[in-house]
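Comments concern the structure below.
Numbering (the numbering used here), first residue to last: 3 to 249.
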């Protein structure tokens with residue numbers, strides 16, 4: 003009895019019979035071999051190894067690969083959770099590539115593979131890398147009095163200061179309906195307070211704290227953009243948006 007697996011697809015089987023008439027019979031023993039039997043094994047699609055997360059600089063192009071095998075040969079289809087029109091597909095053998103130009107936002111793309119025996123879906127997350135920003139601050143070298151303006155000498159240079167906010171983790175990938183929690187902290191002491199602004203999980207303005215936490219127990223907002231902000235004593239209010247991918 004033959005129990006072929008998917009790895010036997012395309013293999014050949016032969017049946018061989020041997021007649022053993024004992025030591026007095028003809029030597030070697032007479033044998034007969036059947037014609038080859040070609041085996042076709044049908045099986046559900048299976049993804050070949052590949053990356054599930056791709057990082058890209060804002061404004062750059064990116065190609066996402068999705069490859070699978072199955073018998074009958076499966077059909078591959080790309081979908082995503084945004085309405086971008088800057089993508090096109092190419093197919094070479096079992097590899098179907100989605101080429102996206104000028105990526106500007108995080109997104110999740112779905113590769114669905116189907117044949118008559120079944121269907122599977124794989125998600126690939128595109129994370130847009132935002133370069134860190136430095137905020138120049140001008141400091142005067144002499145005291146000023148009301149009604150007067152103090153300017154820097156022509157040779158003076160602006161002093162670069164560290165951005166006051168740090169997100170931990172700096173971005174999140176969350177399954178639809180799962181919980182999420184992110185800390186926003188500062189090492190600055192000269193501030194009035196800080197907080198999170200978000201459609202879900204906002205904290206409001208909290209005074210005399212160095213850490214605020216954005217927490218959502220059941221995240222279902224596909225377009226959420228939580229923003230951490232801090233109010234400095236000079237009135238400035240730097241902020242940082244947390245990149246969130248919901249899949």
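Where a beta carbon is used, it is the ideal one built from N, C-alpha and C, also for glycine.
- The segment 101-119 makes contact with the segment 68-81: 3 or more CB pairs, one atom from each, lie closer than 8 Å.
- With respect to residue 195, residue 211 sits close: the two C-beta atoms are nearer than 9 Å.
- Three or more beta-carbon pairs separated by less than 8 Å link the segment 46-61 to the segment 121-131, which places the two stretches in contact.
- The three-state reading of DSSP puts residue 10 in helix, counting H, G and I together.
- For residue 246, the closest alpha carbon among the candidates 61, 129 and 25 is that of 129.
- In the DSSP assignment, residue 72 falls within the unbroken beta strand (DSSP E) covering 64-73.
- Comparing C-alpha distances from residue 224 to each of 109, 8 and 39 shows the shortest one belongs to 109.
- Under the three-state reduction of DSSP output, residue 222 falls in the coil class, being neither helix nor strand.
- Of the candidates 97, 88, 34 and 243, 97 places its Cα closest to the Cα of residue 72.
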